[in-house]
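Here is the structure we will look at.
Residue numbers (the numbering used here): 591 to 883.
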């Protein structure tokens, strides 16, 4: 087996679903969970004896949009799924598919990583350009997606934000996974979205860092020795004991499962953590940044 399970074009930092690829290829329409959801949606709509026009009017969506959802050609947002489930008296059937439907909008290269992330018993990440998606506020995530070039339309941005927020359910899981994050100082100083969004993001990081299963560290600019110059990556351990590493750079991403490359990145992460400020020092550092705003 190759040490790289996936290596596909389309990476945009942290498995960013805001950028499918340079060719703009969307999630596979009409297949998988989107097709299953669409069939169930149509079945419940017909059972309720509602035409698409009436159903669309009552949920606030155009007839063409409803048709796209039913045909599996478009990813429905969580708010639509909730409204449809209630309106059609689906008994939670549609809502139960909400998480898988949200994952369908991830580009193909990130879907395996997203699934592994959701099953992680340990997750450790080093980030260099933006705050990791798992730590982002809704406003920060929206600002990140709005900066995407070529531009995303507003509906797509909202779908991407919803998917990112859904990933953060990992923090409410039990047993709680052990997590750590090392963030470059430059990331914390960059005011993406403006001062108010920046302040909210720093506060969010401090809040998440209070969880007993989470440790957050800052890599200061003044360090002369730095083991993370090759770029960001994430380490994941699953319930089955599998250890995986996920890395992205520009337009490509790699998911490693072979022990040798994973072990190398684990060793690298250990050195990075040793070089960074410890969690208590990092908290004080972030509080200091907040005081400057």
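The beta-carbon is built from N, C-alpha and C at its ideal position, and this holds for glycine as well.
Residue range of the beta strand (DSSP E) that includes residue 627: Element bounds for residue 627: not the beta strand (DSSP E) but the alpha helix (DSSP H), 622 to 637.
message: Quick check: the Cα distance between residue 794 and residue 767, rounded to an integer number of angstroms?
response: Take the alpha-carbon of residue 794 and the one of residue 767: they are about 19 angstroms apart.
field: For residue 534, the first and last residue of its enclosing alpha helix (DSSP H)
entry: With the chain running from 591 to 883 in the structure shown, residue 534 is simply not present.
- request: Measure the C-alpha to C-alpha separation of residue 813 and residue 865 and round it to an integer number of angstroms.
  value: Taking the straight line from one Cα to the other gives about 8 angstroms.
query: Whose CA, out of 765, 837 and 624, lies closest to the CA of residue 693?
result: Nearest C-alpha to residue 693: 624.
- prompt: In its own chain, which residues sit with a C-beta less than 7 angstroms from the C-beta of residue 852, not counting the 5 before and 5 after it?
  reply: Result list for residue 852: 833, 834, 835 and 846, in chain order.
query: Using 8 angstroms as the Cβ pair cut-off and three pairs as the minimum, do the region 810 to 828 and the region 706 to 715 touch?
result: Contact between the region 810 to 828 and the region 706 to 715 is present: three or more C-beta pairs spanning the two stretches fall below 8 angstroms.
query: Between residue 822 and residue 716, which are expected to be in contact by the criterion C-beta below 8 angstroms, what is the C-beta distance as a whole number of angstroms?
result: Contact between residue 822 and residue 716 holds, since their C-beta atoms are separated by about 5 angstroms, short of 8 angstroms.
field: Inter-residue Cα distance where the pair is residue 758 and residue 689
entry: When rounded, the separation of the alpha-carbon atoms in residue 758 and residue 689 is 12 angstroms.
query: Can you name, in chain order, every residue of its own chain whose Cβ lies under 8 angstroms from the Cβ of residue 755, other than the five neighbours on each side?
result: Once the five neighbours on either side are set aside, the close Cβ partners of residue 755 are 728 and 731.
task: Tell me residue 833's beta-bridge partners as DSSP assigns them.
output: The partner list for residue 833 (beta bridge, DSSP) reads 827.
- request: Pull up the CB-CB distance for residue 665 and residue 630, whole angstroms please, since I reckon it's below 8 angstroms.
  value: 15 angstroms between Cβ atoms; not a contact.
message: Tell me whether the region 790 to 808 and the region 868 to 883 touch, counting them as touching only if at least three CB pairs, one residue from each stretch, are closer than 8 angstroms.
response: In short, these stretches touch, since the Cβ pair count reaches three.
- prompt: With burial defined as no fewer than 16 other Cβ atoms inside 10 Å of the residue's Cβ, what is the status of residue 898: buried or exposed?
  reply: What is shown of the chain runs 591 to 883, which leaves residue 898 out entirely.
Nearest neighbour of residue 681, chosen from 747, 638, 712 and 653 [CA to CA]: Checked all of 747, 638, 712 and 653; the closest Cα to residue 681 is 638.
query: For residue 785, does the count of other Cβ atoms within 10 angstroms reach 16, so buried, or fall short, so exposed?
result: By the neighbour-count rule (16 or more Cβ atoms within 10 Å), residue 785 is not buried but exposed.
query: In the structure shown, what three-state DSSP assignment does residue 671 receive?
result: In the structure shown, residue 671 adopts helical secondary structure according to DSSP, grouped into three states.
query: How many Å lie between residue 824 and residue 837 at the Cα?
result: One C-alpha to the other measures close to 6 angstroms.
task: Output yes or no for whether 7 angstroms exceeds the beta carbon distance between residue 876 and residue 797.
output: Between residue 876 and residue 797, the C-beta gap is not smaller than 7 angstroms, which leaves the two residues out of contact.
- prompt: What is the DSSP secondary structure of residue 791, reduced to helix, strand or coil?
  reply: Reduced to three states, the DSSP call for residue 791 is helix.
field: Under the three-state DSSP convention, the category residue 694 falls into
entry: Residue 694 falls in the coil class under three-state DSSP.
message: For residue 752 and residue 783, which I take to be in contact (beta-carbon distance under 8 angstroms), what is that distance rounded to the nearest angstrom?
response: Not confirmed; about 17 angstroms, so no contact.
Three-state secondary structure assigned by DSSP to residue 717: Residue state, collapsed to three classes: strand.
task: Whole angstroms is fine: what's the gap from residue 799's alpha carbon to residue 668's?
output: So the two alpha carbons sit approximately 27 angstroms from each other.
task: Count the other CB atoms, across all protein chains shown, that sit within 10 Å of the CB of residue 746; report buried if there are 16 or more and exposed otherwise.
output: The residue in question, residue 746, is buried, as its Cβ has 16 or more Cβ neighbours within 10 Å.
message: What does the Cβ neighbour count give for residue 612, buried or exposed, with the cut at 16 atoms within 10 Å?
response: Summary for residue 612: the model assigns pLDDT 33, below 50, so the residue's position carries little reliability; its value from the coordinates is reported in the next sentence. Classification of residue 612: exposed, given that the 10 Å Cβ count is below 16.
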